[in-house]
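In terms of my numbering, the sequence shown has 106 at position 101, counting the first letter as 1, and numbering is strictly consecutive.
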Amino acid sequence: MHSSLVRLQNVFGFFTSVMFVVAALIACTDVIAPRTPAAEVVVKDIQVVKGRPHYYSTRKEEYAHIRFSLTADLSSLFNWNTKQVFVYVSASWPSNSSTPEIRDNEAVIWDTIITNPSADHLQNIGPAAMKKLTRELKGRGVDRKRLFFSISFLFLGGWFGEDWFLKFWGDVYANVMQYRGILKLKNQKAKYQITQPGGKLAETEGVVLNVHYNVQPWVGLLTWTPQMEFGRWKTVKGGVSRVFRLPALKAKKNEGEKV
């Protein structure tokens with residue numbers, strides 16, 4: 006006869022083993038869920054100004070303020086194992102004008118977090134903002150329905166083909182799977198201004214904006230924006246702005262009046 010402590014240890018060991026296997030299976034299902042993100046980012050306004058890096062500094066540096074418009078469909082990143090998606094826009098530019106295709110400088114200018122409906126309670130927002138979020142998303146698909154249609158799409162779509170599945174269930178699938186991840190920003194002001202170690206940023210050429218994301222699952226590994234296609238995971242369609250040049254610093258009025 007085993008003691009009560011030994012029995013408790015055996016039960017706990019069996020329980021943790023089962024939970025580990027179940028968690029591993031859940032994490033592996035992310036690979037078979039399709040990801041087809043798309044984004045379009047357009048530069049609207051650019052200004053380069055001088056400022057101090059901190060309050061007590063006497064040295065001034067050049068900072069770029071960028072406004073942009075962003076349209077993105079990241080709804081395919083959400084499935085039964087998605088906790089939240091971290092989305093950010095970065096500006097990248099070359100450090101050497103002789104190699105403009107090598108953009109080895111990069112700085113984040115804007116970011117946001119999009120949570121799964123089941124993770125709304127984890128957001129650090131007030132009751133008024135939470136009420137507004139709930140009201141905006143009222144009537145959208147329930148997690149259980151989304152799970153059912155996700156599994157149905159994977160199995161029936163894989164067996165009979167995606168075209169067959171969407172032909173008979175396309176409207177219902179689109180209605181139920183309407184999800185968070187739709188971003189529409191117009192003339193958005195950057196959250197963060199950018200500079201570089203030298204303090205000189207005006208008239209920098211070869212600058213582009215890029216859209217990135219990071220999927221944080223309930224169980225499994227963090228996944229970042231893929232640089233190449235991997236199975237049913239596609240790269241971001243679009244997501245890169247046109248190449249632009251930062252403007253020069255505006256001359257002060259009193260300087261322009263000097264002869």
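Each residue gets a CB set at the ideal place from its N, CA and C atoms; glycine is no exception.
- How many angstroms separate the CA atom of P58 from the CA atom of S80? Indexing the sequence shown from 1 puts residue 58 at position 53. Indexing the sequence shown from 1 puts residue 80 at position 75. If I take the Cα positions, the gap works out to 38 Å.
- Query: Over what stretch of residues does the alpha helix (DSSP H) that includes R64 continue unbroken?
  - Reply: Residue 64 sits at position 59 when you count from the first residue of the sequence shown. Note, R64: premise wrong, no alpha helix (DSSP H); not H, not E.
- Which of helix, strand or coil DSSP assigns to D35: Along the sequence shown, read from residue 1 onward, the residue named residue 35 stands at position 30. The answer is helix: DSSP assigns D35 an H, G or I state.
- Just the Cα atoms here: how many angstroms apart are T34 and K196? Against the sequence shown, residue 34 aligns to sequence position 29. Against the sequence shown, residue 196 aligns to sequence position 191. Distance between T34 and K196, taken at the CA atoms: about 35 Å.
- Item | E111 and L206 closer than 8 Å at C-beta | For this step, residue 111 is matched to residue 106 along the sequence shown. For this step, residue 206 is matched to residue 201 along the sequence shown. Result no, Cβ atoms of E111 and L206 do not sit closer than 8 Å.
- Item | Integer-rounded CB distance, given that A69 should sit under 8 Å from V94 | As a position in the sequence shown, residue 94 is number 89, starting the count at 1. As a position in the sequence shown, residue 69 is number 64, starting the count at 1. Not confirmed; about 13 Å, so no contact.
- Message: Is the beta carbon of V47 closer than 8 Å to that of F73?
- Response: Against the sequence shown, residue 73 aligns to sequence position 68. Against the sequence shown, residue 47 aligns to sequence position 42. Against a cut-off of 8 Å, the Cβ pair of V47 and F73 comes out as a contact.
- Selection from A96, W85, S97 and D109 that minimises the alpha carbon distance to T120: As a position in the sequence shown, residue 120 is number 115, starting the count at 1. Selected option, being the one with the closest Cα: W85.
- Message: Counting C-beta neighbours from all protein chains within 10 Å, is the total for R40 16 or more, i.e. buried, or is it exposed?
- Response: In the sequence shown, counting from the first residue as 1, residue 40 sits at position 35. The Cβ neighbour count for R40, taken over all protein chains shown within 10 Å, is at least 16; the residue is labelled buried.
- Task: Find the nearest neighbour of G211 within the set S100, P222 and I37, judged by alpha-carbon distance.
- Result: The residue you call residue 211 lines up with position 206 of the sequence shown. If we check each option's Cα against that of G211, S100 comes out closest.
- Please report the residue range of the beta strand (DSSP E) in which T200 lies. Residue numbering aside, residue 200 sits at position 195 when the sequence shown is read from its first letter. Counting along the chain, no beta strand (DSSP E) covers T200, and no H or E run does either.
- Report the rounded CA-to-CA distance for I114 versus N15, giving the unit in angstroms. As a working mapping, residue 114 is identified with position 109 in the sequence shown. As a working mapping, residue 15 is identified with position 10 in the sequence shown. Rounded to the nearest angstrom, the two C-alpha atoms are 52 Å apart.
- Query: With a CB to CB cut of under 7 Å and the five nearest residues on each side skipped, what residues in its chain are close to W238?
  - Reply: Stepping through the sequence shown from its first residue, residue 238 is reached at position 233. Within the same chain, Cβ atoms closer than 7 Å to the Cβ of W238 are found at R40 and P231, the five residues on either side in sequence being excluded.
- Within 10 angstroms of the Cβ of F235, are there 16 or more other Cβ atoms? Answer buried if so, exposed if not. In the sequence shown, the residue the question calls residue 235 occupies position 230. With fewer than 16 other Cβ atoms within 10 Å, it is exposed.
- Task: Take K49 as the anchor and find which of L254, K255, S246 and A253 has the nearest alpha-carbon.
- Result: The sequence position of residue 49 within the sequence shown is 44, counting from 1. Cα-wise, what sits closest to K49 is S246.
- Message: Using the three-state DSSP reduction, which class does F91 fall into: helix, strand or coil?
- Response: If you number the sequence shown from 1, residue 91 lands on position 86. F91 falls in the strand class under three-state DSSP.
- So which of L214, D109 and R12 has the shortest CA-CA distance to R250? Taking the first residue of the sequence shown as 1, we reach residue 250 at position 245. With distances taken between CA atoms, R250 lies nearest to L214 out of L214, D109 and R12.
- Run the CB neighbour count on W98, radius 10 Å, all protein chains shown included, and call it buried at 16 or more, exposed below. As a position in the sequence shown, residue 98 is number 93, starting the count at 1. For W98, the number of other beta carbons within 10 angstroms of its own is at least 16, and it is reported as buried.
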